[in-house]
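Notes for the one structure printed next.
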């Protein structure tokens, strides 16, 4: 992304030969010239005009700055119109303003907004940021603007930074501006200034910085000075270390989040297949129904209380669990109950149920992907160290998986229902003898497993596409996880899920996603050969 | 939607055979069947499903103006379930049992490749509405959309030019099958011919229906930060993976102004349900964009909106995508060719393609020549806007002559 610097240099060169023209008496922005430049080639002159404005900005009055803000804002909202003869106007409702003077003017019929190409966007983004530094805006805006400029390594005239420091009333902004000014010193002739700039730059430990520092090392003017070269080597070593740390963390995080999705899709099956021994091929569809229930909750919240729409995932947690658990109980009571002694029949019957559910949902909702409103706290993320970037939606999935794991474990180990479930699955007849109603427990356990699958659907809704056939993507993976972890062991399921997740994301960068899947499956086959009972085998009479 | 009504058709066929020619039911002589091979389930459902409806809409249009050669068009739809061998199986059924006069179908190239032997054995006619990798020229397939030389290469050229972003480095991310692999092979050949070193690009493939793009996006970020010029992503993942990729891309905070994505299979429908504010500026290239200027497009969009209302199709009335228009064009081209030939027989219809023209919603006039079954289309480069659509960034002056075999592959 050194594009900014290079383009800046190239444009500055272009500027000298293109825009200079007659020497102006005062250096204040020549509004008419800038607007004409933009409109001269239907918006193509924007980079030159932007450079001209940038060089002239330090001598601008507050009035000039607000004008520049107005024009740049109009351009990025496509309200700046150019007529065929190269005059600029700003659309102001139905009426128009002359872009150079801001006095009302009649819009010519041929006035059209110049197209916002990618290159124009880059220029505008940079212009808006540069203008924000010298405009009376909130400190946060100024800090954000500095971030933007820094990210793109944009060169801003030093005079502009000085002007911004003079205008700043906020300590944070002043400090950030100073730092930015120091960074601009990377190419300064003074050695001390360069060393300070390198030190400062090395604080930002990303691979972007690393690339930037490495390109400086190739610069002959840098290598010739020993103190600068030493600072550079130290900086590179420092950044390299943190980038490596960041890469390891990113690998762990990605593995954890892939594993948490696997775990969530498998946890319901761990109860139904692991504890009860029912081969439930409709498990994926229970996940799908969970996601669709979440969608219904979202639609209802949107209709009833649009102000609280961002809270719908939390409201959906109990509802999704209850709805899918109810559907699970209905399936158990009507179909599976009659087939406990015939596993092959269960397999076929649940497969039939899965097809039935897919097509019911397809008829009811249509085959297209559902539109979920992703609450603002689940979009975006934060950069932690190096290139390690934590995305909120994956973090939420991890936390959700951990809570589901702890909750299920607590229910099975600490409650009397859990005791009964374990009792019935270990020795059905004996449990019956001491007064446990095996039928009721079967029903409740199946419903619990189905509810957990529903929660998985809620967890994957902001990450995956939600459509009627989404369940089929999960079924094989979840059986794989349960079998690998050891049938009947919740802890084994968790270990297997995170193991498979880690192996997958660990291999992906080297051999690609297709090979990663193949290698993961080969590993699983090998482990099952070695431990047919799975990673954690439960001893007991089954 | 008239689905495969095997029972009633068998009954009808039996009645037709049993009755003397004079008293055959009127409908038997009055209709001609065309078949659709588009999935309404599986990973391609959200995209291909629309094409069933648009075929019906085009057929309705032709029927309203008197049909073809005095016959009404009857559309027979199927659901190959995004499963490639099923496309071939259903194609064979449509040709042999339903006796359809033409097939409209397939989105992915792997589906087309599996139907290809079927239409060649039965001398059928498949109208294929997607832009694709080229390197194929069958007399039984009408290639309604553009080969790479007139779609992908102009778009990549644009990004490499000063008007674009002066792209110097390329990350190719695709689904693992014939289209992305061939496109990327052609692109690599093209870059080699321009003297770009092999170190300037990197290639990765994911399986069909892949959805967890975390580590892929991480890789893209580290590729981008290696330096050496402006990087871009050439995205050839298909189906539901496109939206999954875009979501991860924007969640990791990548700006299109830093690292633009050229999504070769990305259409308006992929953006439904996404917040596109952070994706504004990413690009695609097609022979039609919903924002194509001109009254013909306005009419097409209005027709589609009212058709959705009328038929209750489970798709947005406000979204139109290139393959929809291409399929629509295909039905009209087939009808015009049949009218010109005065017959529904495939050899005669095929002979009638030469010199055929059709002014389509994109604003261009489509042309076919005697040289091959390719249709000459215009080229659009689109840029994502904040309203889940694409603005027209660039469009070609005319319709470049399609070149089936690329010189770079």
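Protein chains in written order, with our numbering: chain A, 2 to 543; chain B, 237 to 645. Just so it is clear, CB atoms sit at the ideal spot from N, CA and C, and this is done for glycine as well.
Distance between residue j and residue i (C-alpha atoms, nearest Å)
i: residue 538 of chain A; j: residue 335 of chain B; result: 59 Å
i: residue 642 of chain B; j: residue 371 of chain B; result: 7 Å
i: residue 269 of chain A; j: residue 452 of chain A; result: 7 Å
i: residue 615 of chain B; j: residue 414 of chain B; result: 23 Å
i: residue 478 of chain B; j: residue 344 of chain B; result: 14 Å
i: residue 319 of chain B; j: residue 441 of chain B; result: 19 Å
i: residue 517 of chain A; j: residue 115 of chain A; result: 47 Å
i: residue 327 of chain A; j: residue 290 of chain A; result: 11 Å
i: residue 470 of chain B; j: residue 532 of chain A; result: 44 Å
i: residue 49 of chain A; j: residue 57 of chain A; result: 12 Å
i: residue 194 of chain B; j: residue 412 of chain A; result: Nothing about residue 194 of chain B can be read from this structure; chain B reaches only from 237 to 645.
i: residue 168 of chain A; j: residue 66 of chain A; result: 13 Å
i: residue 516 of chain B; j: residue 628 of chain B; result: 13 Å
i: residue 73 of chain A; j: residue 117 of chain A; result: 12 Å
i: residue 432 of chain A; j: residue 263 of chain A; result: 33 Å
i: residue 295 of chain A; j: residue 446 of chain A; result: 22 Å
i: residue 422 of chain B; j: residue 438 of chain B; result: 14 Å
i: residue 503 of chain B; j: residue 173 of chain A; result: 44 Å
i: residue 473 of chain A; j: residue 286 of chain A; result: 7 Å
Within chain A, partners of residue i - CB distance below 9 Å
i: residue 388 of chain B; result: Result: empty, since nearest Cβ-Cβ is about 17 Å, beyond 9 Å.
i: residue 312 of chain B; result: Simply none; closest approach about 19 Å.
i: residue 614 of chain B; result: Per Cβ cutoff of 9 Å: no residues; residue 614 of chain B is ~17 Å from chain A at best.
Spatial neighbours of residue i in its chain, beta-carbon cut-off 7 Å, leaving aside the 5 residues before and after
i: residue 317 of chain B; result: 275, 277 and 278
i: residue 164 of chain A; result: 59 and 135
i: residue 259 of chain A; result: 502, 505 and 506
i: residue 201 of chain A; result: 180, 183 and 184
i: residue 630 of chain B; result: 394 and 617
i: residue 373 of chain B; result: 608 and 640
i: residue 637 of chain B; result: 612
i: residue 573 of chain B; result: 585, 588, 589 and 592
i: residue 107 of chain A; result: 97
i: residue 525 of chain A; result: 481 and 485
i: residue 410 of chain A; result: 491
Same chain only: Cβ atoms within 6 Å of residue i, ignoring 5 sequence neighbours per side
i: residue 275 of chain A; result: 483, 488 and 489
i: residue 561 of chain B; result: 524 and 597
i: residue 363 of chain A; result: 469
i: residue 600 of chain B; result: 614 and 635
i: residue 258 of chain B; result: For residue 258 of chain B, the pLDDT reaches just 43, beneath the cut-off of 50, and the residue's location in the model is therefore unreliable, leaving the point undetermined.
Interface partners of residue i on chain B, CB under 8 Å
i: residue 239 of chain A; result: Near residue 239 of chain A there are no residues of chain B at all, since even the closest Cβ is about 16 Å away, more than 8 Å.
i: residue 207 of chain A; result: 461
Bridge-paired residues (DSSP) for residue i
i: residue 364 of chain B; result: B/379
i: residue 93 of chain A; result: A/96
i: residue 283 of chain B; result: Looking at the DSSP assignment, residue 283 of chain B forms no beta bridge with any residue, so it has no partner.
i: residue 269 of chain B; result: B/310
i: residue 113 of chain A; result: A/83
i: residue 628 of chain B; result: B/618
i: residue 520 of chain B; result: B/618
i: residue 632 of chain A; result: In the structure as shown, chain A begins at 2 and stops at 543. Residue 632 of chain A is therefore absent and cannot be evaluated.
Chain-ordered neighbours of residue i on chain B, where CB pairs are closer than 7 Å
i: residue 203 of chain A; result: Per Cβ cutoff of 7 Å: no residues; residue 203 of chain A is ~15 Å from chain B at best.
i: residue 474 of chain A; result: 445
i: residue 381 of chain A; result: 487 and 489
Under 7 Å from the C-beta of residue i: neighbouring residues of chain D
i: residue 605 of chain B; result: The structure shown contains no chain D; its protein chains are A and B.
Proximal chain B residues relative to residue i, where beta-carbon distance stays under 9 Å
i: residue 227 of chain A; result: Neighbours of residue 227 of chain A on chain B: none; closest Cβ ~24 Å, over 9 Å.
i: residue 255 of chain A; result: 448, 450, 451 and 454
Closer than 8 Å at the beta carbon, the chain A residues around residue i
i: residue 278 of chain B; result: 470
Same chain, Cβ closer than 8 Å to residue i, five either side skipped, listed in chain order
i: residue 381 of chain A; result: 392 and 393
Open item on the list: Just to confirm the assignment: which complete beta strand (DSSP E) runs, minimum length 3, are found wholly within the stretch 379-441 of chain B?
Closed with: The beta strand (DSSP E) runs of length 3 or more contained entirely in the stretch 379-441 of chain B are, from start to end of the chain, 403-411.
Task: Those runs of the alpha helix (DSSP H) which lie wholly inside the stretch 131-166 of chain A and span at least 4 residues - done: 140-152
Task: Ordered list of alpha helix (DSSP H) runs contained in the stretch 190-224 of chain A, each at least 4 residues - done: 192-203, 208-218 and 221-224
Open item on the list: Extract the residue ranges of the alpha helix (DSSP H) inside the stretch 445-513 of chain B, only unbroken runs of 4 or more that lie entirely within it.
Closed with: 450-460 and 477-487
Open item on the list: Extract the residue ranges of the alpha helix (DSSP H) inside the stretch 303-343 of chain B, only unbroken runs of 4 or more that lie entirely within it.
Closed with: 320-332
Task: Segments of 4+ residues assigned as alpha helix (DSSP H) that fall wholly inside the stretch 271-356 of chain A - done: If one requires a minimum length of 4 residues, the alpha helix (DSSP H) runs lying completely within the stretch 271-356 of chain A are 284-305 and 313-335, in chain order.
Open item on the list: Restricting to runs no shorter than 3 residues, where is the beta strand (DSSP E) found entirely within the stretch 356-426 of chain A?
Closed with: 382-386 and 389-392
Task: Every unbroken beta strand (DSSP E) within the stretch 563-613 of chain B, with a cutoff of 3 residues, ordered by chain - done: Complete beta strand (DSSP E) runs here, min 3: 593-595 and 601-604.
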